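Since the structure comes first, as structure tokens, the remarks are kept for the end.
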Amino acid sequence: MNRTILFTAVLLGILAIVLGAFGAHGLEKLVDAEAVNTFETGVRYQMYHALFLLFVGMWPGISSKPKKVVFILVLLGVVLFSFSIYLLALNSLTSFDFKIIGFLTPIGGVFLIMAWIYLGYHILTQKELN
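The C-terminal position of the sequence shown is numbered 193 in our numbering, with every residue numbered one higher than the one before it.
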């Protein structure tokens with residue numbers, strides 16, 4: 064499980080850097096400043112949670128089941144939150160109206176919050192942390 068978590072964290076981190084570079088150097092030529100800021104929010108939260116998964120994957124004090132739950136919550140959260148934000152920010156570039164998926168963004172945010180709460184609960188209720 065640790066390998067999967069760590070590899071996913073690395074992939075999310077790499078993708079955040081690539082998308083962040085695109086947002087900083089290419090996106091401003093395509094969309095307005097508000098859309099660029101929106102896009103950067105998605106990148107920022109993706110990177111935060113890539114780092115969070117690195118921490119979770121390397122910490123030996125968390126057993127396998129809680130790691131798996133946190134991993135799934137974060138992965139769902141990043142996909143729903145950040146990726147819906149990317150699509151919404153790029154909405155003006157396509158003929159498809161991505162505003163119809165706007166409800167996914169807060170759902171993804173809830174998954175991210177749940178991951179942090181679950182980890183915090185696990186830390187508080189575990190008898191001994193390594």
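The beta carbon of each residue, even a glycine, is placed where N, CA and C say it ideally should be.
Model, not experiment: these values are computed from the prediction.
Find out if the Cβ-Cβ distance for the pair residue i, residue j is shorter than 7 Å.
i	j	result
A72	L138	no
G83	V99	no
L182	L143	no
Y108	S145	yes
E103	G89	no
A79	M110	yes
L75	A113	yes
Any heavy atom of the ligand ADP closer than 6 Å to the beta-carbon of residue i?
i	result
W122	Ligands displayed in this structure: none; no statement on the ligand ADP is therefore possible.
Below 8 Å on the Cβ atoms is my guess for residue i versus residue j; work out the distance and round it to an integer in Å.
i	j	result
N65	G120	5 Å
I68	K130	6 Å
Helix, strand or coil: which one does DSSP assign to residue i?
i	result
I125	coil
E91	helix
Q109	helix
E97	helix
F174	helix
G76	helix
G165	coil
I'd like to know if the segment 157–166 and the segment 126–138 are in contact, where contact means that at least 3 CB-CB pairs between them fall below 8 Å. no
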